[in-house]
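Numbers 32 to 200, taken from this note's numbering, label the letters of the sequence shown in order. Note that the Cβ used here is the ideal one computed from N, Cα and C, for glycine as well.
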Amino acid sequence: MATTLGLAASPASAAVSDGWVRGYDRFSDDWDDEGELSHLSPWRDSNATCLWQRILWAEGAYATHYDNKIFEKSHIDGYFGWRTHYATMDLQKKLGVSADGIVGEKTLSRANKHMYRTGGSTSSNRTLYLRYEGKKHSFDLSRNTDGKYVFPDRKDDSRQAGYKYHSCG
């Protein structure tokens, strides 16, 4: 899944309310205001979950207490089930945040720090190209001209990270 800054220094916007994982201006805090993801979340079956699973894969998280196996690319399905829950807890421990299996502000803020700009512009009307550098894998993603995050699903097809729909998996 940082504080999104609007144009003209407007306050942070809750990206969940408009249905997208979104950001503006600096990308380093884009995920601070995103909605919580968990196996009980209303967005547990979504492309936002799919983006989180891509991060679990990139970090090499283990589904400890589920099957104790590494989170594989084939597990990226956009559904926040028990494998995702336990892999999230494993990654939270590695990130030094509360290992509760709920992807909230602190977890996303720490994960956001593994993203680097590779091109484009941070201005609101330009595409920004980024790279997520995990411990095991890396992947390219972008923030489009609407501020919406676009990422590769498990088949490496581009998907927009949204809360209210599920097209990955």
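Shown here for Leu122: same chain residues with a beta carbon closer than 7 Å to its own, the five before and five after excluded, namely Leu87, Glu90, Ala92 in chain order. Secondary structure of Ile101 (DSSP, three-state): strand.
Assigned with DSSP and collapsed to three states, Asp49 falls in helix.
Residue environment analysis places Tyr147 among the exposed positions, since fewer than 16 neighbouring C-beta atoms fall within 10 angstroms of its C-beta. The region 193-200 and the region 76-86 touch, with three or more beta-carbon pairs separated by less than 8 Å. Annotation: Phe170 to Tyr160 spans about 11 Å, alpha carbon to alpha carbon. If you draw a straight line from the Cα of Asp64 to the Cα of Glu136, it is about 6 Å long. Each residue's CA atom was taken as its position, placing Ile133 and Trp113 some 12 Å apart.
Ranked by how close their Cα comes to the Cα of Pro73, the residues Gly50, Phe58, Asp56 have Gly50 in first place. Shortest Cα-Cα distance from Asn156 to any of Glu164, Arg141, Lys179 involves Lys179. Asp121 carries a helical assignment under DSSP once its states are collapsed to helix, strand and coil. Exclusion of the five residues before and after Gly150 leaves Tyr160 as the residues of its chain whose Cβ lies within less than 7 Å of its Cβ.
Exposed is the label assigned to Gly127, since fewer than 16 other Cβ atoms lie within 10 Å of its Cβ. DSSP places Glu65 in the coil class of the three-state scheme, outside both helix and strand. Less than 9 Å divides the Cβ of Thr119 from the Cβ of Ser69.
It is roughly 32 Å from the alpha-carbon of Ser152 to the alpha-carbon of Phe102.
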